[in-house]
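Enquirer: Protein chains in written order, with this note's numbering: chain A, 2 to 319; chain B, 2 to 319. We treat Cβ as the ideally placed atom computed from N, Cα and C, and that holds for glycine. Once you've had a glance at the structure underneath, I'll fire off some questions.
2 protein chains.
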Amino acid sequence: MRQAGRYLPEYRALKAKSSFLEMVKTPELAAEVTLQPLRRFALDAAIIFSDILVIPEALGQGYKFRDEGGIAMDFRLENRAQLDQLDPAGLTTRLNYVAQALTRVKAELKGEKALLGFGGAPWTLATYMVEGGSSEDFSRIKQLFYTDRSFFNALMEKLTAALIDYFQMQINAGADAIQLFDSWGGIIAGQDYEAASLRWMRDIIAALPRDFPVILYAKGASSQLTDMAFSGAKVLGVDWTVDLGVVRKLVPANIALQGNLDPVLMNTTPEIVRREVTRLLETMRETRGHIFNLGHGIMPEAKIECMEALVETVTAWK
Amino acid sequence: MRQAGRYLPEYRALKAKSSFLEMVKTPELAAEVTLQPLRRFALDAAIIFSDILVIPEALGQGYKFRDEGGIAMDFRLENRAQLDQLDPAGLTTRLNYVAQALTRVKAELKGEKALLGFGGAPWTLATYMVEGGSSEDFSRIKQLFYTDRSFFNALMEKLTAALIDYFQMQINAGADAIQLFDSWGGIIAGQDYEAASLRWMRDIIAALPRDFPVILYAKGASSQLTDMAFSGAKVLGVDWTVDLGVVRKLVPANIALQGNLDPVLMNTTPEIVRREVTRLLETMRETRGHIFNLGHGIMPEAKIECMEALVETVTAWK
Numbered sequence: 002m003r004q005a006g007r008y009l010p011e012y013r014a015l016k017a018k019s020s021f022l023e024m025v026k027t028p029e030l031a032a033e034v035t036l037q038p039l040r041r042f043a044l045d046a047a048i049i050f051s052d053i054l055v056i057p058e059a060l061g062q063g064y065k066f067r068d069e070g071g072i073a074m075d076f077r078l079e080n081r082a083q084l085d086q087l088d089p090a091g092l093t094t095r096l097n098y099v100a101q102a103l104t105r106v107k108a109e110l111k112g113e114k115a116l117l118g119f120g121g122a123p124w125t126l127a128t129y130m131v132e133g134g135s136s137e138d139f140s141r142i143k144q145l146f147y148t149d150r151s152f153f154n155a156l157m158e159k160l161t162a163a164l165i166d167y168f169q170m171q172i173n174a175g176a177d178a179i180q181l182f183d184s185w186g187g188i189i190a191g192q193d194y195e196a197a198s199l200r201w202m203r204d205i206i207a208a209l210p211r212d213f214p215v216i217l218y219a220k221g222a223s224s225q226l227t228d229m230a231f232s233g234a235k236v237l238g239v240d241w242t243v244d245l246g247v248v249r250k251l252v253p254a255n256i257a258l259q260g261n262l263d264p265v266l267m268n269t270t271p272e273i274v275r276r277e278v279t280r281l282l283e284t285m286r287e288t289r290g291h292i293f294n295l296g297h298g299i300m301p302e303a304k305i306e307c308m309e310a311l312v313e314t315v316t317a318w319k
Numbered sequence: 002m003r004q005a006g007r008y009l010p011e012y013r014a015l016k017a018k019s020s021f022l023e024m025v026k027t028p029e030l031a032a033e034v035t036l037q038p039l040r041r042f043a044l045d046a047a048i049i050f051s052d053i054l055v056i057p058e059a060l061g062q063g064y065k066f067r068d069e070g071g072i073a074m075d076f077r078l079e080n081r082a083q084l085d086q087l088d089p090a091g092l093t094t095r096l097n098y099v100a101q102a103l104t105r106v107k108a109e110l111k112g113e114k115a116l117l118g119f120g121g122a123p124w125t126l127a128t129y130m131v132e133g134g135s136s137e138d139f140s141r142i143k144q145l146f147y148t149d150r151s152f153f154n155a156l157m158e159k160l161t162a163a164l165i166d167y168f169q170m171q172i173n174a175g176a177d178a179i180q181l182f183d184s185w186g187g188i189i190a191g192q193d194y195e196a197a198s199l200r201w202m203r204d205i206i207a208a209l210p211r212d213f214p215v216i217l218y219a220k221g222a223s224s225q226l227t228d229m230a231f232s233g234a235k236v237l238g239v240d241w242t243v244d245l246g247v248v249r250k251l252v253p254a255n256i257a258l259q260g261n262l263d264p265v266l267m268n269t270t271p272e273i274v275r276r277e278v279t280r281l282l283e284t285m286r287e288t289r290g291h292i293f294n295l296g297h298g299i300m301p302e303a304k305i306e307c308m309e310a311l312v313e314t315v316t317a318w319k
């Protein structure tokens with residue numbers, strides 16, 4: 002999950018001079034922000050600093066952050082003509098700044114830490130594109146899904162193809178694994194998750210090099226974990242609302258699990274963090290293939306001493 | 002789930018003259034709002050128009066709606082002295098307006114339709130009381146839960162006792178069933194749902210008359226449904242993010258299921274509603290004990306023609 006961000010003073014110092022999107026698009030800055038948490042904490046992996054919405058932007062649908070919070074796309078994707086204008090040709094050239102950032106971080110890591118690339122699931126990207134930004138109720142994307150499956154599928158095919166190229170570029174640039182984030186996987190009706198989201202993620206994973214590790218994370222979609230286990234992903238990221246020990250018993254043993262400490266605990270005290278980290282590690286003691294992580298991205302209110310307590314507890318664990 | 006509200010012009014007409022809380026606290030108005038949807042649609046049951054936060058208010062912690070949206074409690078519950086001042090004596094006297102509204106609706110229904118009372122789960126009420134209103138991250142209630150279990154439990158005991166009295170009052174006033182809403186059940190770590198919420202709801206259900214029907218609904222807590230099946234509730238409400246046919250196979254056959262159409266579909270078109278209602282009914286065809294409902298409360302943007310399509314499709318179903 003997200004490691005960098007506003008909880009770090011060194012991030013805020015850079016942010017004071019550049020916008021979020023400038024940092025994402027400037028390889029030196031993206032690499033620097035990626036490495037900031039690793040300079041402070043004994044982490045085992047770095048996740049590239051980027052944004053899931055670079056894909057629609059590179060296809061021709063730009064975006065900005067609203068002053069009042071949330072995302073505003075430059076327009077709302079409403080018809081086939083707009084979809085046809087989204088141009089995948091030269092996509093990885095336009096996204097080369099991500100490859101450059103990965104290459105820089107890879108060199109700094111000297112093979113001692115893993116480097117994770119990432120991207121948003123086609124369904125999650127489509128919610129922003131069709132809603133025209135952040136949404137309260139997701140009624141437009143759902144209306145599209147339920148009324149014009151052909152248009153919906155054409156959009157998903159375009160996004161799926163773009164993501165395959167994008168992830169291949171990340172792999173070529175040195176990513177050791179890819180995290181696929183279905184941040185809005187939890188808003189569609191349970192019985193429609195396969196058609197709305199999972200099948201497209203499966204297509205992406207199948208198109209990547211055989212056995213390349215993909216970490217699949219769908220927020221709020223815990224009832225889909227057993228289906229997600231057959232997506233081709235080697236690892237399932239799990240949010241904190243599910244007992245990870247129970248998930249371990251439901252998901253085949255050859256699938257690793259990543260998670261799932263409640264990120265809000267990082268806003269409390271080191272004592273709470275130590276106790277709850279220990280409890281989670283204890284739950285997973287007799288199991289194999291657990292990647293300790295938060296159950297979602299770290300929050301701006303997180304305390305550095307809580308992050309220290311987490312990393313110390315995990316690394317000292319026997 | 003919530004049936005009344007801003008999607009109805011007759012509700013908006015009343016709301017133009019009285020605040021939400023005035024409507025809740027005036028039995029004539031609460032009864033009228035409760036009955037409005039039943040005058041338009043061939044529903045099988047009425048759910049009393051009220052609010053979960055009448056409990057903290059009757060205990061001495063009032064609240065109001067913020068202009069910018071969300072709830073502001075009059076103060077934040079931070080210490081034992083404040084907890085001790087919350088006074089359960091005379092609670093049902095102060096909440097007698099709810100009993101009066103139920104009595105009025107009961108008379109109007111003439112035994113032809115079921116009447117549902119409701120209340121909020123202790124955990125959900127505690128989130129508002131400890132956070133001081135609506136919350137983004139729920140860090141205060143979680144910090145309390147993880148650092149001072151004794152204070153947390155004392156608060157939950159007070160709320161549990163208050164809710165038992167409140168529900169008994171509703172039953173005496175004619176409620177045929179009680180819906181227990183754990184609206185924020187989905188924000189606590191999965192392994193802590195038992196201690197944070199479920200055990201208190203079980204205590205409430207156990208204290209009500211034997212075999213009195215309670216409908217238990219916890220938003221976003223689908224991984225808890227099998228545990229909830231042993232809460233004593235006769236019915237589990239299910240949100241739309243889970244495949245109800247799958248839940249039916251996981252939950253004992255003597256527990257009925259209520260749900261779970263995505264409420265956003267009511268904002269789309271009658272055609273979509275008819276198709277998706279039929280699909281859900283078809284999924285549950287070979288099963289027993291399905292109460293058709295939305296998977297959450299109806300939204301202000303819902304269209305009356307969609308609600309008509311829903312009710313027509315369900316009532317015509319063979």
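At the 8 Å Cβ level, is A:Y64 part of the contact set with chain B, yes or no?
Expert: In the first sequence, counting from the first residue as 1, residue 64 of chain A sits at position 63. Judged by the 8 Å Cβ criterion, A:Y64 is not in contact with chain B.
Enquirer: Is the beta carbon of A:A162 sitting closer than 8 Å to the one on A:L116?
Expert: What you label residue 162 of chain A is simply residue 161 of the first sequence in a count that begins at 1. What you label residue 116 of chain A is simply residue 115 of the first sequence in a count that begins at 1. Not in contact: A:A162 and A:L116 (Cβ atoms no closer than 8 Å).
Enquirer: For the alpha helix (DSSP H) that B:M229 lies in, which residues bound it at each end?
Expert: Position 228 of the second sequence, counting from 1, holds the residue named residue 229 of chain B. Its alpha helix (DSSP H) spans residues L226 to M229.
Enquirer: Between the Cα of A:G118 and those of A:A32, A:F152 and A:Y129, spot the shortest distance and give me the residue it belongs to.
Expert: By 1-based counting over the first sequence, the position of residue 118 of chain A is 117. A:G118 has its Cα closest to that of A:A32, out of A:A32, A:F152 and A:Y129.
Enquirer: Taking the alpha-carbon positions, what's the B:D183 to A:L160 distance?
Expert: Numbered from its first residue, the second sequence carries residue 183 of chain B at position 182. Numbered from its first residue, the first sequence carries residue 160 of chain A at position 159. Going from the Cα of B:D183 to the Cα of A:L160 covers about 37 Å.
Enquirer: Using a Cβ-Cβ cutoff of less than 6 Å, which residues in the same chain neighbour B:I189 once the five nearest sequence positions on both sides are dropped?
Expert: Position 188 of the second sequence, counted from the first residue, corresponds to residue 189 of chain B. Contacts found: A197.
Enquirer: Using a Cβ-Cβ cutoff of 8 Å, what residues of the region 233-247 of chain B are near chain A? List them in chain order.
Expert: From the region 233-247 of chain B, only W241, T242, V243, D244, L245, G246 and V247 have a Cβ closer than 8 Å to chain A.
Enquirer: Against chain A, does B:Q180 count as a neighbour if the rule is that its beta carbon must be under 8 Å from one of theirs?
Expert: Taking the second sequence and counting its residues from 1, one reaches residue 180 of chain B at position 179. So no, B:Q180 is outside the interface.
Enquirer: Between the region 259-274 of chain A and chain B, which residues of the former have a C-beta closer than 9 Å to a C-beta of the latter?
Expert: Against chain B - using a Cβ distance shorter than 9 Å - the residues of the region 259-274 of chain A are N261, L262, D263, P264, V265, L266, N268, T269, T270, E272 and I273.
Enquirer: Report the residue ranges of all beta strand (DSSP E) runs contained in full by the region 107-172 of chain B; include only those spanning at least 3 residues, in chain order.
Expert: Taking only runs of at least 3 residues, the beta strand (DSSP E) segments lying wholly in the region 107-172 of chain B are 115-121.
Enquirer: Assuming A:Y218 is part of the beta strand (DSSP E), what are its boundary residues?
Expert: Here residue 218 of chain A refers to the residue found at position 217 of the first sequence. That run of the beta strand (DSSP E) goes V215 to A219.
Enquirer: Measuring CB atoms only, is the region 255-271 of chain A touching the region 309-319 of chain A, in the sense that at least three cross pairs come out at less than 8 Å?
Expert: Output reads yes: the region 309-319 of chain A touches the region 255-271 of chain A.
Enquirer: Hey, quick one: how far does the alpha helix (DSSP H) through B:G290 stretch, first residue to last?
Expert: If you number the second sequence from 1, residue 290 of chain B lands on position 289. Careful: B:G290 lies outside any alpha helix (DSSP H) and carries neither H nor E.
Enquirer: Which residues in chain B sit within 8 Å of A:K143, going by Cβ to Cβ distance?
Expert: On the first sequence, residue 143 of chain A is found 142 positions in, with the first residue counted as 1. D263, V265, L266 and T269, listed in chain order.
Enquirer: So, at 8 Å on beta carbons, what are the nonlocal neighbours of A:N294 in its own chain, with the 5 sequence-adjacent residues on each side left out?
Expert: What you label residue 294 of chain A is simply residue 293 of the first sequence in a count that begins at 1. Correct list, in chain order: M2, G238, Q259, G260, N261 and L262.
Enquirer: For A:M74 and B:Y64, what's the separation of their Cα atoms in angstroms?
Expert: Reading the first sequence from its first residue, position 73 is the one you call residue 74 of chain A. Reading the second sequence from its first residue, position 63 is the one you call residue 64 of chain B. Rounded to whole angstroms, A:M74 to B:Y64 spans 36 Å at the Cα level.
Enquirer: Considering only their Cβ atoms, is the gap separating B:V236 from B:P253 smaller than 8 Å?
Expert: Counting from one through the second sequence, the residue named residue 253 of chain B turns up at place 252. Counting from one through the second sequence, the residue named residue 236 of chain B turns up at place 235. No, the Cβ-Cβ distance between B:P253 and B:V236 is not below 8 Å.
Enquirer: Under the assumption that A:L323 contacts A:M229 (Cβ atoms under 8 Å), give the Cβ distance between them as a whole number of angstroms.
Expert: Within the shown structure, residues of chain A are numbered from 2 to 319, placing residue 323 of chain A beyond reach of any answer.
Enquirer: Listing by chain order, which chain B residues have their CB less than 9 Å from the CB of A:T148?
Expert: Here residue 148 of chain A refers to the residue found at position 147 of the first sequence. Those within 9 Å of A:T148 in chain B are T269, T270, E272 and I273.
Enquirer: Tell me the DSSP secondary structure of B:Q62 in three-state form.
Expert: Position 61 of the second sequence holds residue 62 of chain B. Of the three classes helix, strand and coil, the one that applies to B:Q62 here is coil, per DSSP.
Enquirer: Terminal residues of the continuous alpha helix (DSSP H) containing B:L245?
Expert: Within the second sequence, the letter at position 244 stands for residue 245 of chain B. That run of the alpha helix (DSSP H) goes L245 to L251.
Enquirer: Mark B:S232 as exposed unless 16 or more other C-beta atoms lie within 10 angstroms of its C-beta, in which case mark it buried.
Expert: Working through the second sequence from its first residue, we reach residue 232 of chain B at position 231. Burial call: buried.
Enquirer: If we count the other Cβ atoms within 10 Å of its Cβ and call it buried at 16 or more, is A:W124 buried or exposed?
Expert: Taking the first sequence and counting its residues from 1, one reaches residue 124 of chain A at position 123. Classification of A:W124: buried, given that the 10 Å Cβ count is 16 or more.
Enquirer: In terms of DSSP beta bridges, what is A:D183 paired with?
Expert: Taking the first residue of the first sequence as position 1, residue 183 of chain A is located at position 182. Answer by DSSP bridge pairing, in chain order: A:A219.
Enquirer: With DSSP collapsed to three states, give me the class of B:G238.
Expert: Position 237 of the second sequence holds residue 238 of chain B. If DSSP states are grouped into helix, strand and coil, B:G238 belongs with the strands.
Enquirer: Can you have a look at A:T94 and say buried or exposed, based on whether 16 or more other CB atoms are within 10 angstroms of its CB?
Expert: By 1-based counting over the first sequence, the position of residue 94 of chain A is 93. Exposed.
Enquirer: In angstroms, rounded to a whole number, what distance separates the CA positions of A:N344 and B:D193?
Expert: Nothing about residue 344 of chain A can be read from this structure; chain A reaches only from 2 to 319.
Enquirer: If you follow the alpha helix (DSSP H) that B:I305 is part of, which residue opens it and which one closes it?
Expert: The residue given as residue 305 of chain B occupies position 304 in the second sequence. Note, B:I305: alpha helix (DSSP H), I305 to A317.
Enquirer: Does the CB of B:D68 have a neighbour CB from chain A at under 8 Å?
Expert: Here residue 68 of chain B is taken as the residue at index 67 of the second sequence, counted from 1. Closer than 8 Å: no.
Enquirer: In or out: B:E370 buried (at least 16 other Cβ within 10 Å) or exposed?
Expert: With chain B represented from 2 up to 319, any question about residue 370 of chain B goes unanswered, as that position is not in the structure.
Enquirer: What's the C-alpha gap between B:S385 and A:L60?
Expert: Since the first and last residues shown for chain B are 2 and 319, residue 385 of chain B lies out of range.
Enquirer: From which residue to which residue does the alpha helix (DSSP H) around B:L209 run?
Expert: The sequence position of residue 209 of chain B within the second sequence is 208, counting from 1. Taken as a continuous stretch (DSSP letters only), B:L209 belongs to no alpha helix (DSSP H), as it is neither H nor E.
Enquirer: In this structure, what does DSSP give as the bridge partners for A:L333?
Expert: Outside the modelled stretch of chain A, which goes from 2 to 319, sits residue 333 of chain A, for which no answer is possible.
Enquirer: Checking contacts by CB at 8 Å: is B:S224 closer than that to chain A?
Expert: The residue you call residue 224 of chain B lines up with position 223 of the second sequence. Yes, its Cβ sits closer than 8 Å to a Cβ of chain A.
Enquirer: Quick one: grab the DSSP three-state call for A:I188.
Expert: Residue numbering aside, residue 188 of chain A sits at position 187 when the first sequence is read from its first letter. In the structure shown, A:I188 sits in a helix (DSSP, three-state: H, G or I).
Enquirer: Near B:I53, which residues of its chain fall below 8 Å by C-beta distance, leaving aside the five closest residues on each side in sequence?
Expert: As a first step, residue 53 of chain B must be located in the second sequence, where it is residue number 52. Once the five neighbours on either side are set aside, the close Cβ partners of B:I53 are F119, G120, G121, T125, L126, F182 and S184.
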